[in-house]
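Going by the numbering used here, the first residue of the sequence shown is number 1, and it counts up by one from there. Notes follow the structure.
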Amino acid sequence: MQRISTIIATFFIVSLGLVGCSNPVDTSANNIPLRPDAVDDAADVSATTAGCDCMKVGDMYRFTTLQLTSVDGNPDFAVIPVLNSLWQSDIDTFELNFIVRVSKVSADSVDVVVTNGARVGDTKKPCMLPATAATLTFPRVGCALNDSAPGEMNVYSGSQQHTKNCGYLDAKTMAPAPAIGVDHSIPIRGAVLKATASADCSTIDNGIVVAGSFSKDALFRLCTCQTLPGQTSDVCVTPDPAYKDTTSTPPGACDGCGTGWQSLGGLLSAFAGDAGLQYGCKSDTGGPSVCLTATFSAKKLDPAVWLPSDCSAAN
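This is how it looks when you write it as structure tokens:
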């Protein structure tokens with residue numbers, strides 16, 4: 001886990017040189033055109049036009065980094081360093097797991113299924129949560145995986161027994177809110193990703209979440225357990241289906257969670273300061289959404305060592 005406009009694009013120069021043999025030397029100034037649609041070298045994966053025949057159906061990768069570059073259209077949004085530190089810690093401790101499986105490969109496209117994993121004790125071998133799975137389709141030019149068709153991603157963190165996010169439509173039926181989609185997961189919608197696979201297909205590099213958003217409706221229906229970097233979700237209170245929230249803004253935001261939970265919407269609004277959230281993106285239904293952009297990288301999993309299984313099989 002609607003659209004997000006990338007805000008990290010920069011211009012770079014493409015030089016044209018003319019070489020002569022017996023012709024007179026042209027001493028006039030060179031005309032050096034600019035590419036206004038270009039992005040930073042690290043992100044310009046369209047230049048990678050060959051290779052990666054090693055990519056095959058069934059290959060699996062796990063995110064090794066995920067770093068926000070803007071929130072609500074603002075690269076200096078105060079919450080960014082806080083979340084980036086927490087997310088990297090969660091990735092390193094296997095609290096936050098994005099498992100990418102190649103599901104279809106052709107000469108000009110690649111389909112992947114992105115599934116969240118749940119931490120399993122201290123094994124460093126998360127199991128997969130099938131309900132979080134979402135497919136992304138990338139146009140492919142060699143190793144370059146260019147802008148995917150808009151899709152979705154879900155962000156689940158923690159173990160199955162102790163989650164770091166909590167969200168339900170109501171505490172009685174425990175039915176997930178339509179705006180949330182998957183229990184206890186942050187929904188990123190309208191997600192557009194791009195990246196480059198290494199020549200030996202061992203890593204996915206220079207990844208960019210070009211677009212994506214988090215709807216206001218979902219933002220104020222989800223609550224989070226605040227932890228410090230390095231802390232696992234074991235410190236979080238287990239969601240209580242009978243709990244009625246009277247202290248959040250709006251009241252009821254953390255129904256079905258408990259006293260140890262805080263509204264994501266309230267926290268993000270506090271970081272926004274006096275200006276408040278701008279909601280520059282739109283949800284599937286046209287409602288207000290918070291825009292997000294990010295970078296990521298991933299490493300191929302070695303089937304001889306370990307491949308994740310569904311959490312139902314892991315129990």
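Cβ coordinates follow ideal geometry from the N, Cα and C atoms, glycine included.
Work out the CA separation of residue j and residue i for me, nearest whole Å.
{"i": "residue 146", "j": "residue 109", "result": "9 Å"}
{"i": "residue 144", "j": "residue 150", "result": "17 Å"}
{"i": "residue 309", "j": "residue 71", "result": "33 Å"}
{"i": "residue 191", "j": "residue 138", "result": "12 Å"}
{"i": "residue 300", "j": "residue 122", "result": "21 Å"}
{"i": "residue 272", "j": "residue 78", "result": "7 Å"}
{"i": "residue 162", "j": "residue 233", "result": "5 Å"}
{"i": "residue 305", "j": "residue 125", "result": "10 Å"}
{"i": "residue 217", "j": "residue 285", "result": "11 Å"}
{"i": "residue 251", "j": "residue 244", "result": "9 Å"}
{"i": "residue 311", "j": "residue 103", "result": "20 Å"}
On the DSSP bridge list, what partners appear for residue i?
{"i": "residue 80", "result": "Its beta-bridge partners do not exist; DSSP assigns none."}
{"i": "residue 404", "result": "Examination of residue 404 is not possible in this model, given that the chain is present from 1 through 315 alone."}
{"i": "residue 223", "result": "166 and 263"}
{"i": "residue 209", "result": "193 and 294"}
{"i": "residue 158", "result": "163"}
{"i": "residue 55", "result": "Residue 55 is not bridged to any residue."}
{"i": "residue 65", "result": "297"}
{"i": "residue 144", "result": "141 and 196"}
{"i": "residue 70", "result": "293"}
{"i": "residue 132", "result": "Answer by DSSP bridge pairing: none, since residue 132 is not bridged."}
{"i": "residue 118", "result": "127"}
With residue i as the anchor, note down where its beta strand (DSSP E) starts and where it stops.
{"i": "residue 190", "result": "186-197"}
{"i": "residue 94", "result": "Taken as a continuous stretch (DSSP letters only), residue 94 belongs to no beta strand (DSSP E), as it is neither H nor E."}
{"i": "residue 155", "result": "151-155"}
{"i": "residue 289", "result": "288-300"}
{"i": "residue 228", "result": "Neither: residue 228 is in no beta strand (DSSP E) and is coded neither H nor E."}
In terms of alpha-carbon separation, which member of the options lies closest to residue i?
{"i": "residue 238", "options": "78, 60, 53 and 184", "result": "184"}
{"i": "residue 115", "options": "97, 167, 121 and 223", "result": "97"}
{"i": "residue 66", "options": "136, 60, 73 and 91", "result": "91"}
{"i": "residue 295", "options": "53, 206 and 128", "result": "206"}
{"i": "residue 68", "options": "211, 306, 302 and 270", "result": "211"}
{"i": "residue 276", "options": "82, 227, 244 and 265", "result": "265"}
{"i": "residue 230", "options": "84, 51 and 55", "result": "84"}
{"i": "residue 51", "options": "140, 89 and 99", "result": "140"}
{"i": "residue 278", "options": "61, 246 and 213", "result": "213"}
Does the Cβ-Cβ distance between residue i and residue j come in under 8 Å?
{"i": "residue 188", "j": "residue 155", "result": "yes"}
{"i": "residue 182", "j": "residue 253", "result": "no"}
{"i": "residue 95", "j": "residue 167", "result": "no"}
{"i": "residue 225", "j": "residue 164", "result": "yes"}
{"i": "residue 113", "j": "residue 93", "result": "no"}
{"i": "residue 220", "j": "residue 289", "result": "no"}
{"i": "residue 280", "j": "residue 73", "result": "yes"}
{"i": "residue 260", "j": "residue 241", "result": "no"}
{"i": "residue 55", "j": "residue 99", "result": "no"}
{"i": "residue 228", "j": "residue 186", "result": "no"}
Taking residue i as part of the alpha helix (DSSP H), name the residues at either end of that continuous run.
{"i": "residue 216", "result": "216-219"}
{"i": "residue 265", "result": "264-272"}
Report yes or no: is there a C-beta of chain D within less than 8 Å of the C-beta of residue i?
{"i": "residue 101", "result": "Although the question refers to chain D, the structure presented lacks it and comprises just one protein chain."}
Flag residue i as yes when its Cβ comes closer than 7 Å to any non-hydrogen atom of the ligand ATP, and as no otherwise.
{"i": "residue 156", "result": "The model on display carries no ligand, and the ligand ATP is accordingly not part of it."}
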